[in-house]
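Some notes on the structure that comes next.
Chains as they are written, first to last, in full-length UniProt numbering: chain A, 1 to 398; chain B, 1 to 398.
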């Protein structure tokens, strides 16, 4: 629970062929080159074929994250720096995070190194079989980039933005990914050629905030994922709470307006009908006369557009009210807001805090902190890596 | 976690001098008489001075609860029944439950016997020091009735209908017992002359449903106490969840009407402003032109009075809506409704279930059961006994 600083921001927001993807691939080559034995930076450049400057940058990054250590040495008569992988790698594990328009994949060895990580854009309305095939193929490529075999993967955890019925292992309906309704853990396992663990993305966010974020010591934490839909992951008494059969944390379907709009879930006035990215985008599309994405909302609000700021403020207030309801029940120490709109920072968090303070018990207003995630769009995949690691460790004891 | 059937309904709804109180005292004498050695019913009658018929009734009750066993024997040449205390008694523990107008006290030995139990009526607006003195005095009397010394009490747990700040050990304000605001665990301990554990009454209800009710195997359970105020106790993952500093479960302050009435907590439209006994009694008092108590509500609704039934139905629907919000977050297997109005049975539970089904996620409507308590008004004191037992057992290991 102490690797937040070491894993840092490695290879985020990467698309295939982008500079980030290239950098991740290069980094994997450096790690691979060091696996056999410590080496100077010149030797690494020789072994990998990378430019000296590239190796130097990567080694600096890895050292800052605690993944390698360096010590002075002499190489071919010159002063040099001997680079050593900081700790033996454990079993390779894989975290995968499917969203409405993306799949993010991280291949990790034992703490603290995420070896390679990538995000592939998926079309809205993507179908499970297609997306699983894309993810499996990209995973194979990433493993190859990292010099690993598929057979070396000890555990895979797959996150989805849907409730999961633990009794059947199937994705439940009425989610923001309706094309995945009824998809089972078995079917996903088949796509990856090995048993996978299936988890809700908000649950993974909550796990990541404790494993990689600043909240390793916090026993009661709610992770709120504000995206196309709204979900939450609950850590209660230091443990993830999945509910009696797996669908706990449906903050998006907490009711905030008894006479409100009909919701996809069949209820009325759910938080999602007031405050999701989908609803915000709909309002703004009507004003701007063009489709609006979550990236547009972030950009426009940061640029000061009044309509976008108003929509964010209204949504934030409703989210704060729903968080107050959840906090009146659970009295968490920390509520972490994640998802694509978390980039808005205080533009989003201030109205959330205002809504919270209006409706939370007075004692909670001074004890429950509402903060933005420090893990950006990686929170979910890092949670998946964490669960996969736990599975691999548990399996090692069998 | 298996003593529900054994403790049964022993000595409920008892007032000093009432038949129930007499019966409890007699029962305690029988248990006391059996402590030294097994005895026939005639011998018990001799030892206690009780009539044979009384002894026979008490022994039958105790046997049904598993507190004693009987076996055929011969006594003075006649066939008789030898009565044996079923198990060695453990340390004596005390559970105490303060309400807005009562204090209930139970003295218990190790599972499964509650030796004596009594309820004393307190005036509305009772002050902590007065009520604590009354409770301490009545406890001494009960101990004496049971043939026990104050010094033999291993642990006391005191329940209050207020949130408790675990950081300071003090009762927090804005509860239905404002006269107790700021009273500390230390002050209560002083009143009883030994350290006591302080707990929220709804939390105790939740504990009792698992220890004495039908839900020992249920890991995720919410106990809703519907009284002058509305509170809830949360068992999550098999453990009581008190929140980051003790005030979890404030279901009465979950917001169900954004533009609703101002609440004592400082928020608006809290469940308590729509559905507590206080609010129901206010509505009905205006109609009937006289003060209405919770007992009146129960009696009138059972008798078929339309206004009372309407008030109960409206409150039930609002409670169901708040339970749906809680369930959408926590996905409990069981929600148990307790408090004085639980006696209404389906008259209350049906509208609660209707409200729940309208606003809960579809998957929950078939998986979360909403039931009335089987422990009546004893739930809280039995929870206090359970916590006191746990404390006594924990202390034994120190």
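Where is the CB? At the ideal position from N, CA and C, for every residue including glycine.
| Query | Result |
| --- | --- |
| If you draw a straight line from the alpha carbon of residue 228(B) to that of residue 313(A), how long is it in whole angstroms? | 37 Å |
| Output, in sequence order along the chain, the residues in the region 240-267 of chain B whose CB is closer than 8 Å to any CB in chain A. | 241, 242, 243, 244, 245, 246, 247, 248, 249, 250, 251, 253, 254, 255, 256, 257, 258, 265, 266, 267 |
| List, in chain order, every chain B residue whose beta-carbon is nearer than 8 Å to that of residue 139(A). | Residues of chain B passing the Cβ test: none, with the nearest at roughly 31 Å. |
| If you measure from the beta carbon of residue 220(A) to each beta carbon in chain B, is any gap under 7 Å? | yes |
| For a contact meaning CB atoms closer than 8 Å, what does residue 165(A) contact in chain B? | 363 |
| Let me check understanding here. Comparing Cα to Cα, which of 334(B), 240(B), 290(B), 338(B) lies closest to residue 386(B)? | 240(B) |
| So residue 55(A) and residue 62(A) are in contact, right, with Cβ under 8 Å, and what is the actual spacing, rounded? | Not quite, the Cβ-Cβ distance comes to about 10 Å (not below 8 Å), so this is no contact. |
| Put residue 379(B) into one of helix, strand or coil per three-state DSSP. | helix |
| Looking at the structure shown, is residue 283(B) part of a helix, part of a strand, or coil, going by DSSP? | helix |
| With distance defined between alpha-carbon atoms, name the residue in 339(B), 283(B), 107(B), 310(B) nearest to residue 138(B). | 107(B) |
| For chain A, check one thing: does any of its Cβ atoms lie closer than 7 Å to the Cβ of residue 378(B)? | no |
| Can you tell me which of the three DSSP states residue 15(A) falls into? | Confidence is the limiting factor: at residue 15(A) the pLDDT is only 41, short of 50, which leaves the residue's position unreliable, though a coordinate-based value still follows. Three-state result, residue 15(A): coil. |
| Within 8 Å, do at least three Cβ pairs link the region 190-208 of chain B to the region 231-248 of chain B? | yes |
| If you check the beta carbons only, do residue 375(A) and residue 213(A) fall under 7 Å apart? | yes |
| Residue 308(B) lies in the beta strand (DSSP E); which residues open and close that run? | Note, residue 308(B): premise wrong, no beta strand (DSSP E); alpha helix (DSSP H) at 306-330. |
| Measure how close the beta-carbons of residue 311(B) and residue 283(B) come, nearest whole angstrom, since I'm counting them as under 8 Å. | 5 Å |
| What residue range is occupied by the uninterrupted alpha helix (DSSP H) comprising residue 247(B)? | Counting along the chain, residue 247(B) falls outside any alpha helix (DSSP H), and DSSP gives it neither H nor E. |
| Check whether the region 354-363 of chain B and the region 319-339 of chain B are in contact - that is, three or more C-beta pairs closer than 8 Å. | yes |
| Return the residue from the list 391(A), 326(A), 393(A), 378(A) that minimises the CA-CA distance to residue 365(A). | 326(A) |
| In chain A, which residues lie less than 8 Å from residue 325(B) when you measure between Cβ atoms? | 254, 255, 325 |
| Using a Cβ-Cβ cutoff of 8 Å, what residues of the region 317-349 of chain A are near chain B? List them in chain order. | 321, 324, 325, 326, 328, 329, 330, 331, 332, 333 |
| Along the alpha helix (DSSP H) that carries residue 177(B), what are the first and last residues, could you check? | Per DSSP, residue 177(B) belongs to no alpha helix (DSSP H) and is neither H nor E. |
| Confirm, please, whether the CB-CB distance from residue 309(A) to residue 410(A) is below 7 Å. | Nothing about residue 410(A) can be reported from this structure: the residues present for chain A run from 1 to 398 only. |
| Would the beta-carbon of residue 109(B) fall within 7 Å of that of residue 84(B)? | no |
| Just the chain A side, please: which residues come within less than 8 Å of residue 237(B) by C-beta, in chain order? | 236, 237, 239, 241 |
| Can you find a C-beta in chain B that's less than 7 Å from the C-beta of residue 294(A)? | no |
| Whose CA, out of 30(B), 150(B), 381(B), lies closest to the CA of residue 193(B)? | 150(B) |
| Given that residue 359(A) touches chain B, what residues does it touch there, using C-beta distances under 7 Å? | 255, 267 |
| On the DSSP bridge list, what partners appear for residue 200(A)? | 160(A) |
| On the premise that residue 222(B) lies in contact with residue 344(B), defined as a C-beta separation below 8 Å, what is that separation, rounded to the nearest angstrom? | Incorrect: roughly 19 Å between the Cβ atoms, too far for contact. |
| Just confirm the distance between the C-beta atoms of residue 297(B) and residue 281(B), as a whole number of angstroms; I'd bet it's less than 8 Å. | 7 Å |
| Is the distance from the Cβ of residue 172(B) to the Cβ of residue 363(A) below 7 Å? | yes |
| Closest to residue 367(A) by C-alpha separation, out of 102(B), 165(B), 184(B), 328(B), would be which residue? | 165(B) |
| For chain A, is any of its Cβ atoms less than 7 Å away from the one on residue 177(B)? | no |
| Mind checking which residues open and close the alpha helix (DSSP H) that includes residue 135(A)? | 128-145 |
| Please report the straight-line C-alpha distance between residue 208(B) and residue 278(A), rounded to a whole angstrom. | 44 Å |
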